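Visitor: First the structure, which I've put down as structure tokens, then a few questions once you've had a look.
Chains as they are written, first to last, in this note's numbering: chain A, 1 to 262; chain L, 1001 to 1523.
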């Protein structure tokens, strides 16, 4: 396919995903996020090559989370949102049409957010993202390469923690009870972990400098990250559809921002 | 050895150079060093661990003393120009360093990006970068690896990439800081041959920092020896140094290449005991997988009481995993481990730890408390010893491991050798029947290694079984039995002498002959 999202410039993609995420967060009706969620799903399944099963696996936690949000919002919706007739009530809860609507809206918004994040994460190479931040957003090379070097540390840290756990087990340190014990145990893990982490970070920094890295923004870029027409096209698509959805929902009288009906 | 054509123009000239870390100013790391590095010459810098050899490398390329809290005096001239007159980042392009730890000298994920990083720093136009990367990968024998992720490479491959990245600087001086420290024997040899090959092409000066000369010996022109007091003790051609200055080298804890060594190899210094027929640990049909990858495949192995067993094999062959399973730190997917005739999982954790000791590669991982004394008595306290008993027992251990004056020091503040000694001492607080060691001699100098081996031999003579994972073939040579791993399977299990006859197997498992047999190797 020609228009794969994975080839879209990461910085632009990020903005194109963040704006709808924030704006949808302000809408309190059901229609707007529902429509946009459908659009995100269409984009995800036509313009990326993420296998459906993998996507579903990753998306299912969002479903659970979203229904949780929806449920609690429905029960605890405050005065502004809980207008309308009472649908049913039990114990101390009174569920009104307004609170049901707000609840479902919250759930749908969480799903939108989840779907947008997944679309971004699953199609973006972390190295390219940082390089693009440096080349498009003028992030300083010091920070860029610092973070890139940091990526390599996560698995190393994990491995090291596992070894320290083992080593302590050998010494007969048992899982400690109580707050004091927990604090002690944390300290025992943290000291060697940090000592090693700092030493490794220092070594990496020195190795980078030894390869002629000075943090000077004036450097050549082997992997040129550019913003081409199609990157902007993607941006326009994401934002354009968002605006259309807003307009449509306004036109149909559904649009609700912060409890205010338009 | 290359011929030196008369007097050479020095590339680097070090005059009266001293350096000390601010916290220990009264004892400079190096004191009034005077030496030169010449074009097209290979120099070996030797000295005990902790002598500051690595710091010197960073002083030479101008990163120290700025990067640390340290003070330097004296002058260093690069091609006649004082290094202090160089702009930031200018000198580092002339003097490239390959560091010891392959894990912490990369900042990118893939090989290609890492190599491009160097070239981008040099402001090479983007269009020329790919060609240079490809040529360099070919030069270091890593063609076709450009898309590979660095963390998935083996130790030897990582160091080749590190070398490639540094060579892309096109430096006048190449510094190698113990580059083969954590490689299996064959990878180490391959790397050394690669350096030799590469040095022959451009007019480059090479400085190798190592505490053992043995494999580099053939190609080095000159040796510099830095003493524990920070003085330059010798600047000489290798043959002369190794024949005339043996006492000096020994005092400084430096390994002599086998043919010059008078110290008996570990093998000779050891009194062979006949192990009993009784098994202390048995492994039956063991399999273990990590992330769907089989690390151990149907492994059977026994350790007898009082036996010294070495486990050898290339990196990633499953050696460390095996001893972790043996110690009950990992549970196998299939198979059983028996300890003292009883299933390992039937043992109470507390009892098991008293009777089985495990020493990790990095001693720091084992430290739990704030002082050496508490560290030694930690286990005793848990076993309910009285204050009096603990004091005597800890006193004995400190005496034996030369830690007496350090009783109240923080374990993390000790030197490398002291940390190693403490980590061994802490597993001896109870009375273990078996001790498992995971590459305990990694990064240790001759003196520390020798000392550790002495302790181990002494322990073994007390009928304690010792299991050692190591790349050091001289240690393997001293074992009662060697078990060789190849891709998670036992490829050999027998006495060292019969292993040394299996040339094909040695090559396949990426091992080498021990020093005493190596002369025939023709290398």
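Positions of the beta carbon are idealized from the N, C-alpha and C atoms, including for glycine. Predicted, not measured: the structure shown is a model, and the values here were computed from it.
1) Need the endpoints of the alpha helix (DSSP H) that residue 76 of chain A sits in, please.
2) Where does the unbroken beta strand (DSSP E) through residue 1486 of chain L begin, and where does it stop?
3) What does the alpha-carbon distance come out to for the pair residue 195 of chain A and residue 1456 of chain L?
4) Could you pull the start and end residues of the alpha helix (DSSP H) that residue 1164 of chain L belongs to?
5) Here's the rule I'm using: 16 or more other beta-carbon atoms within 10 Å means buried, otherwise exposed. How should residue 183 of chain A be labelled?
6) Rounded to the nearest angstrom, what separates residue 1339 of chain L and residue 1394 of chain L at their Cα positions?
7) For residue 1052 of chain L, which residues in the same chain have their Cβ closer than 8 Å to its Cβ, ignoring the five residues on either side in sequence?
8) Could you tell me which chain A residues have their CB closer than 7 Å to the CB of residue 1061 of chain L, listed as they occur along the chain?
9) Going straight from the alpha carbon of residue 265 of chain A to that of residue 164 of chain A, what length do you get?
10) Contact check, residue 1112 of chain L vs residue 1146 of chain L under 8 Å by CB: the rounded distance?
11) Against chain L, with Cβ distances strictly below 8 Å, would residue 148 of chain A count as a contact?
12) Please decide whether residue 1193 of chain L counts as near chain A, where near means a Cβ-Cβ distance under 8 Å.
13) Is residue 1104 of chain L closer than 8 Å to residue 203 of chain A when the C-beta atoms are compared?
14) On a Cα-Cα basis, can you pick out the residue from L/1138, L/1134, L/1175, L/1143 that is closest to residue 1097 of chain L?
15) Does residue 73 of chain A get closer than 8 Å to chain L when you measure Cβ to Cβ?
16) Can you check whether the C-beta of residue 1148 of chain L is within less than 8 Å of a C-beta belonging to chain A?
17) Need the endpoints of the alpha helix (DSSP H) that residue 974 of chain L sits in, please.
18) Please classify residue 1373 of chain L: does DSSP put it in a helix, a strand, or coil?
19) When the Cβ atoms of the region 17-36 of chain A are set against those of the region 104-120 of chain A, are three or more pairs found closer than 8 Å?
20) Just to confirm before moving on: does the CB-CB distance between residue 1466 of chain L and residue 1511 of chain L stay below 8 Å?
21) Let's test the definition: count the other Cβ atoms within 10 Å of the Cβ of residue 1475 of chain L and tell me whether it reaches 16, buried, or not, exposed.
22) Let me know the alpha helix (DSSP H) ranges lying completely inside the region 1056-1121 of chain L, each 4 residues or longer, listed in chain order.
23) List, from N- to C-terminal side, the beta strand (DSSP E) runs of 3 residues or more that fit wholly inside the region 1276-1352 of chain L.
24) Taking DSSP's pairing of strands, which residues face residue 1038 of chain L in a bridge?
25) Would residue 1245 of chain L be called buried (16 or more neighbouring beta carbons within 10 Å of its own) or exposed?
26) What residues match up with residue 110 of chain A in a beta bridge as DSSP calls it?
27) Residue 209 of chain A lies in the alpha helix (DSSP H); which residues open and close that run?
28) Which first and last residues belong to the alpha helix (DSSP H) in which residue 1416 of chain L is found?
29) Which chain L residues sit within Cβ distance under 8 Å of residue 197 of chain A?
30) Judging by CA-CA distance, which residue of A/133, A/63, A/4 is the nearest neighbour of residue 48 of chain A?
31) Considering only residues of the same chain and omitting the five flanking positions on each side of residue 1324 of chain L, which have a CB-CB separation below 6 Å?
32) Which partner residues does residue 1176 of chain L have in the DSSP bridge list?
33) Return the CA-CA distance between residue 1295 of chain L and residue 1106 of chain L, expressed in angstroms with no decimal places.
34) Using a Cβ cut-off of 7 Å, pull out every chain L residue sitting near residue 219 of chain A, in sequence order please.
35) Counting only the same chain and skipping the five closest in sequence on each side, list residues whose C-beta sits under 6 Å from that of residue 249 of chain A.
Guide: A quick look at the data gives this:
1) The sequence position of residue 76 of chain A within the first chain is 76, counting from 1. From DSSP, the alpha helix (DSSP H) with residue 76 of chain A extends over 52-76.
2) Taking the second chain and counting its residues from 1, one reaches residue 1486 of chain L at position 486. Where residue 1486 of chain L is concerned, the enclosing beta strand (DSSP E) stretches over 1481-1486.
3) Taking the first residue of the first chain as 1, we reach residue 195 of chain A at position 195. Taking the first residue of the second chain as 1, we reach residue 1456 of chain L at position 456. Cα to Cα, residue 195 of chain A sits roughly 29 Å from residue 1456 of chain L.
4) Locating residue 1164 of chain L in the second chain gives position 164, where the first residue counts as 1. From DSSP, the alpha helix (DSSP H) with residue 1164 of chain L extends over 1155-1167.
5) Walking along the first chain from the start, residue 183 of chain A turns up at place 183. Exposed, since its Cβ has fewer than 16 Cβ neighbours within 10 Å.
6) Against the second chain, residue 1339 of chain L aligns to sequence position 339. Against the second chain, residue 1394 of chain L aligns to sequence position 394. Approximately 27 Å between the Cα atoms of the pair.
7) Taking the first residue of the second chain as position 1, residue 1052 of chain L is located at position 52. In chain order, 1019, 1029, 1030, 1226, 1230 place their CB closer than 8 Å to the CB of residue 1052 of chain L, counting only its own chain and leaving out the 5 sequence neighbours on each side.
8) Here residue 1061 of chain L corresponds to residue number 61 of the second chain, with the count starting at 1. Residue 1061 of chain L reaches chain A at 210, counting residues in chain order whose Cβ is nearer than 7 Å.
9) Missing from the structure shown is residue 265 of chain A; chain A here goes from 1 to 262 and no further.
10) Residue mapping note: residue 1112 of chain L aligns to position 112 of the second chain, counting from 1. Residue mapping note: residue 1146 of chain L aligns to position 146 of the second chain, counting from 1. Contact flag correct, Cβ pair sits at about 4 Å.
11) Locating residue 148 of chain A in the first chain gives position 148, where the first residue counts as 1. By the rule that beta-carbons nearer than 8 Å mark a contact, residue 148 of chain A touches chain L.
12) As a working note, residue 1193 of chain L is residue 193 in the second chain. Interface residue (Cβ-Cβ distance to chain A less than 8 Å): residue 1193 of chain L is not classified as such.
13) What you label residue 203 of chain A is simply residue 203 of the first chain in a count that begins at 1. What you label residue 1104 of chain L is simply residue 104 of the second chain in a count that begins at 1. Yes. Within cutoff.
14) Mapped onto the second chain, residue 1097 of chain L falls at position 97. It is L/1175.
15) Your numbering for residue 73 of chain A matches position 73 in the first chain. Closer than 8 Å: no.
16) In the second chain, the residue the question calls residue 1148 of chain L occupies position 148. No, its Cβ sits nowhere closer than 8 Å to a Cβ of chain A.
17) One cannot answer for residue 974 of chain L here, as it falls past the ends of chain L, which runs 1001 to 1523.
18) In the second chain, residue 1373 of chain L corresponds to position 373, counting from 1. Residue 1373 of chain L falls in the helix class under three-state DSSP.
19) Yes, the region 17-36 of chain A touches the region 104-120 of chain A.
20) Reading the second chain from its first residue, position 466 is the one you call residue 1466 of chain L. Reading the second chain from its first residue, position 511 is the one you call residue 1511 of chain L. No, the Cβ-Cβ distance between residue 1466 of chain L and residue 1511 of chain L is not below 8 Å.
21) In the second chain, counting from the first residue as 1, residue 1475 of chain L sits at position 475. Flag for residue 1475 of chain L reads buried.
22) If we require 4 residues or more, the alpha helix (DSSP H) runs fully inside the region 1056-1121 of chain L come out as 1111-1121.
23) Fully enclosed beta strand (DSSP E) runs of 3 or longer: 1279-1290, 1293-1304, 1308-1313, 1334-1339.
24) In the second chain, counting from the first residue as 1, residue 1038 of chain L sits at position 38. Answer is L/1010.
25) Position 245 of the second chain, counted from the start, is the residue given in the question as residue 1245 of chain L. Looking at its Cβ environment, which holds 16 or more other Cβ atoms inside 10 Å, residue 1245 of chain L is buried.
26) The count along the first chain starts at 1 and reaches residue 110 of chain A at position 110. In the DSSP output, where bridge partners are listed per residue, residue 110 of chain A has none listed.
27) Looking up residue 209 of chain A in the first chain gives position 209. 178-210 is the span of the alpha helix (DSSP H), which, as asked, contains residue 209 of chain A.
28) Indexing the second chain from 1 puts residue 1416 of chain L at position 416. Start and end: 1416-1426.
29) Working through the first chain from its first residue, we reach residue 197 of chain A at position 197. Under the 8 Å cutoff, chain L gives no residues; its nearest Cβ is about 10 Å from residue 197 of chain A.
30) For the purposes of this step, residue 48 of chain A is taken as the residue at position 48 of the first chain. Looking at A/133, A/63, A/4, the one whose alpha-carbon comes closest to that of residue 48 of chain A is A/4.
31) Counted from its first residue, the second chain places residue 1324 of chain L at position 324. The answer, listed in chain order, is 1330.
32) Start at 1 with the first residue of the second chain, and residue 1176 of chain L comes out as number 176. DSSP, once it has assigned bridges, lists L/1098, L/1208 as partnering residue 1176 of chain L.
33) The count along the second chain starts at 1 and reaches residue 1295 of chain L at position 295. The count along the second chain starts at 1 and reaches residue 1106 of chain L at position 106. The alpha-carbon atoms of residue 1295 of chain L and residue 1106 of chain L are separated by roughly 26 Å.
34) For the purposes of this step, residue 219 of chain A is taken as the residue at position 219 of the first chain. Chain L residues near residue 219 of chain A: 1120, 1121, 1123.
35) Counted from its first residue, the first chain places residue 249 of chain A at position 249. Here residue 249 of chain A has 31, 32, 255 as same chain residues with Cβ atoms under 6 Å from its own Cβ, once five neighbours each way along the sequence are excluded.
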